[in-house]
């Protein structure tokens, strides 16, 4: 059923995609991604994963508090997952085919976990 919640969800998604997508296109044009890829391993080493997980949880709670029940892991676990997601994005820059294979596998895992489409 298409209702206010669906409209709000699409508006939220669109707000959160358009800005970053524009920045990504600009980064591709300027070669910024080469710098990011080159330094990603160093960034992973110096990032406190628990702090990263806390930031994720805070942002999620601010944006969609009704969804926080889905994410019951310890904060350190979420920081580790975010590292993995960013690493997948790094792969997408170098090797889009591998990225989409990994994304497909991730989608299938989420379906097996019982994640509903509206999430």
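Numbering (our numbering), first residue to last: 1362 to 1480.
Positions of the beta carbon are idealized from the N, C-alpha and C atoms, including for glycine.
Please check the pair residue 1460 and residue 1452, which I expect to be a contact at CB under 8 Å, by giving their CB distance rounded to whole angstroms.
5 Å
Presumed contact (8 Å Cβ cut-off) between residue 1421 and residue 1428, rounded CB distance:
A Cβ-Cβ separation of about 7 Å places residue 1421 in contact with residue 1428 under the 8 Å criterion.
Between the C-alpha atoms of residue 1431 and residue 1382, what's the straight-line distance to the nearest angstrom?
Those two C-alpha atoms are separated by around 26 Å.
Tell me the start and end of each unbroken alpha helix (DSSP H) in the segment 1392-1428 that is at least 4 residues and wholly inside, in chain order.
1393-1407 and 1410-1424
Taking Cβ positions, are residue 1417 and residue 1443 nearer each other than 8 Å?
Taking a C-beta distance under 8 Å as the contact criterion, residue 1417 and residue 1443 qualify as a contact pair.
Among the candidates 1370, 1447 and 1471, whose CA atom is the shortest distance from the CA of residue 1405?
Ranking 1370, 1447 and 1471 by Cα distance to residue 1405 puts 1447 first.
Inspect the beta-carbon positions of residue 1398 and residue 1455 and report whether they are closer than 8 Å.
yes
May I ask you to report which of helix, strand or coil DSSP gives residue 1433?
Correct three-state label for residue 1433: coil.
Alpha carbon to alpha carbon, how far is residue 1369 from residue 1458?
32 Å
Beta-carbon separation (whole angstroms), residue 1440 vs residue 1413, contact threshold 8 Å:
4 Å
Compute the distance between the beta-carbons of residue 1371 and residue 1424, then report whether it is under 8 Å.
no
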